[in-house]
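Everything below concerns the one structure shown next.
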Amino acid sequence: MIWRSDEDRAWAVEEACRNARPSPLEIALGGWMLRASGGPTRRTNSLNPLRGWRDDPAVVIAEAETVYRSLGRPMIVRVPDLVPEMDLILDDLGFGREGETCTLFAELSARETGPFENVRLADAPDAAWLTARAACEGVVSDAASTSYRASIDCLILPRMFARRVEADVTVAVAYGAVHRGILVFESVATHPAHRRAGHARSLILALMAWARRRGATGACLQVVAENAPARALYAGLGFSRTLYGYRYRRRD
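Structure below.
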């Protein structure tokens, strides 16, 4: 896909990332998307801006706060750099900042095409993939597992789930989804006992090869800004361009 501007590319990636990790419960609200999946994940439990016209932010925030309060959940606004004016508004309203994250982009040029040793691919997550993901993430509550599975069940984009197996043990997992020619990486995780061994790299390369076969020309992912090891890994795979950052603004 050819974008007319960097802003076009950034908003296209924003849309792709939102659709690659859907919320089973969301409503449009005055040019914003209120997501309320339940569980601990802020991405699927926050107010997100959409491109184009947006209603008075103060009005929308008040309406969203009423909805979240009725659900017994905190008021969280996700603010990408694409709408920088929101930070000043939320500062005045007493919202704190947390979770600074970078959105990285790479062109899908011809890279390794495989076969990728010990990488298993499936178009749906089986029990082994879900169990391994929980092990890689650490302690995962029942609420978190339930909300994660509900999110995956809502994923209707072309997708592929990958896991790296060593000695019959899954040591790393990831999945990718393709939206309008953009591959989005999600849930990239390696078991703590098997890190720094190139497992995540193998999964990413395998998913890139799959996405290229589907006609994808670009790839993106979102990573915590302070996660230096992950950013170094992704830079080595061509994710050298930071499109934009975002942060969460919370008022409990």
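Just add 25 to the spot in the sequence shown (first one is 1) and you have the numbering used here. Just so you know, even glycine gets a beta-carbon here, dropped at the ideal spot from N, CA and C.
Sheet register partners of residue i (DSSP bridge)
i	result
R184	A202
Y271	P105 and T126
C245	F130 and V209
A191	Before going on, a small fix: residue 191 reads as Glu here, not Ala. Answer is V194, bridged to E191.
A250	According to DSSP, A250 bridges with nothing at all.
A218	A218 pairs with nothing; no bridge assigned.
R266	F130
R34	Per DSSP, none; premise fails for R34.
R276	M100
Alpha-carbon spacing of residue i relative to residue j, whole angstroms
i	j	result
W28	L133	15 Å
E123	L155	28 Å
Y259	V165	25 Å
F186	S48	18 Å
M111	G121	13 Å
V209	L246	6 Å
A11	A168	There is no way to answer for residue 11, as the model of the chain reaches only from 26 to 277.
I52	G163	31 Å
D31	R76	14 Å
L96	R275	16 Å
A225	A199	8 Å
A241	H204	8 Å
L262	P99	37 Å
L54	R221	43 Å
L118	A214	36 Å
E90	A202	31 Å
L180	R145	20 Å
S265	D80	35 Å
R158	A45	17 Å
V104	A253	22 Å
Selected residue, minimal CA-CA separation from residue i, among the options
i	options	result
V248	T126, V85 and N70	T126
G206	V190, T195, R184 and E251	R184
E142	L228, P65, M233 and F264	L228
G56	N44, N73 and A41	N73
A255	R158, R238 and G223	G223
A37	R67, L107, R238 and D117	L107
C42	A244, R272 and R275	A244
R189	V92, L182 and H216	H216
V84	A157, L146, G77 and I114	I114
A61	D33, V102 and E40	V102
Y93	A197, S71 and P109	S71
A153	A250, T195, Y271 and R67	T195
S212	A218, S176, P140 and R239	S176
R174	G63, P140, V144 and C161	G63
A147	A231, E40, R272 and T69	A231
A218	R237, E191 and A234	E191
Residue i Cβ short of 7 Å to the ligand HEM heavy atom set
i	result
G206	Absent from the structure shown: the ligand HEM. Ligands present: none.
Limits of the unbroken alpha helix (DSSP H) element including residue i
i	result
S172	D167 to D178
S227	H224 to R238
G119	No alpha helix (DSSP H) contains G119, which DSSP labels as neither H nor E.
R256	A253 to G261
R158	A152 to E162
Continuous beta strand (DSSP E) stretch holding residue i: start and end
i	result
R145	V144 to A147
Any chain D beta carbon closer than 8 Å to residue i
i	result
R239	Included in the structure is just one protein chain, with no chain D present.
- Item | 3-residue-minimum beta strand (DSSP E) runs that sit fully inside the segment 42–103, ordered along the chain | Annotation note: the segment 42–103 contains the following uninterrupted beta strand (DSSP E) runs of length 3 or greater, listed N- to C-terminal: 51–54, 57–60 and 72–74.
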